[in-house]
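Notes follow the structure.
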Amino acid sequence: MNDLGTVTVEGAHATLTFHRRLGFPIDRVWAALTDDVERKAWFGEGTVDPQGGEVVIEPEDPPAPMEAKRVTGRILTWQPPENGRAVFEHEWHQRIVEDGVVRYELTADGDETLLRFTHTGLSERNAKGFAPGTHAFFDRVDAFLRGETPPGWSERYAEVAPAYPSWR
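Quick note: the sequence shown uses the numbering used here, first residue 8, plus one each step.
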């Protein structure tokens with residue numbers, strides 16, 4: 008499985024997609040994505056409130072003012088792991104980009120989990136700009152799941168950005 012993201016464009020909007028195989032059971036991956044304490048370790052402060060239907064995420068990185076990084080939105084789909092599948096989808100409202108939707112689809116594969124991530128509604132430029140950073144965040148969640156200290160986002164971004172050379 009290739010860890011690189013892809014961007015597909017339809018009209019004025021683009022979709023950023025990642026497929027990752029994570030060496031952990033689906034319940035463990037679900038917790039890393041949706042539990043406020045666990046997500047803080049690899050992404051940043053925030054709240055995912057399935058009862059109230061709201062998401063607020065304040066990423067520690069990239070290095071930018073919080074008002075530019077803060078993400079808010081409503082939860083659109085909340086399907087905790089059942090029968091080897093799970094879905095978490097929410098709006099993505101962030102001052103620096105177009106409004107969009109992110110979707111985490113998890114599928115159990117033995118003791119591992121297949122993650123399909125999509126971020127829709129972005130312009131082509133912003134989808135391509137988000138690709139290395141999103142890649143860095145998924146490398147951070149993988150390290151967190153393995154019990155390792157996640158790599159610094161900026162350092163990991165710098166390492167993976169050259170894999171996206173045609174996107175600059």
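No residue lacks a Cβ here, since even glycine has one placed at the ideal position from N, Cα and C.
The model shown is predicted, which means the values in this text are computed figures rather than measured ones.
Residue i at chain B interface by Cβ criterion, 8 angstroms
i: V94; result: Judged by its chain identifiers, the structure shown contains no chain B, having just a single protein chain.
DSSP three-state assignment for residue i, whether helix, strand or coil
i: D159; result: The sequence as given places Gly at residue 159; Asp does not occur at that position. G159 falls in the coil class under three-state DSSP.
i: D146; result: helix
i: P32; result: coil
i: G80; result: strand
i: D42; result: coil
i: G60; result: coil
i: L11; result: coil
Residue i vs residue j beta-carbon contact at 8 angstroms
i: L23; j: V14; result: yes
i: E52; j: E61; result: no
i: F25; j: T141; result: yes
i: A138; j: W160; result: no
i: R163; j: R147; result: yes
i: F176; j: A39; result: Residue 176 lies beyond the stretch modelled for the chain, which goes from 8 to 175, so this question has no answer here.
For residue i, the nearest candidate out of the options (CA to CA)
i: T114; options: R92, V104 and H126; result: R92
i: S130; options: L11, A19 and Y111; result: A19
i: K135; options: L122, D149 and A168; result: A168
i: R81; options: I33, R102, V108 and F124; result: V108
Beta-carbon separation (whole angstroms), residue i vs residue j, contact threshold 8 angstroms
i: L122; j: L29; result: 6 angstroms
i: W99; j: V78; result: 6 angstroms
Inside the stretch 97 to 137 only - alpha helix (DSSP H) runs reaching at least 4 residues = Segments of the alpha helix (DSSP H) lying fully in the stretch 97 to 137: there are none.
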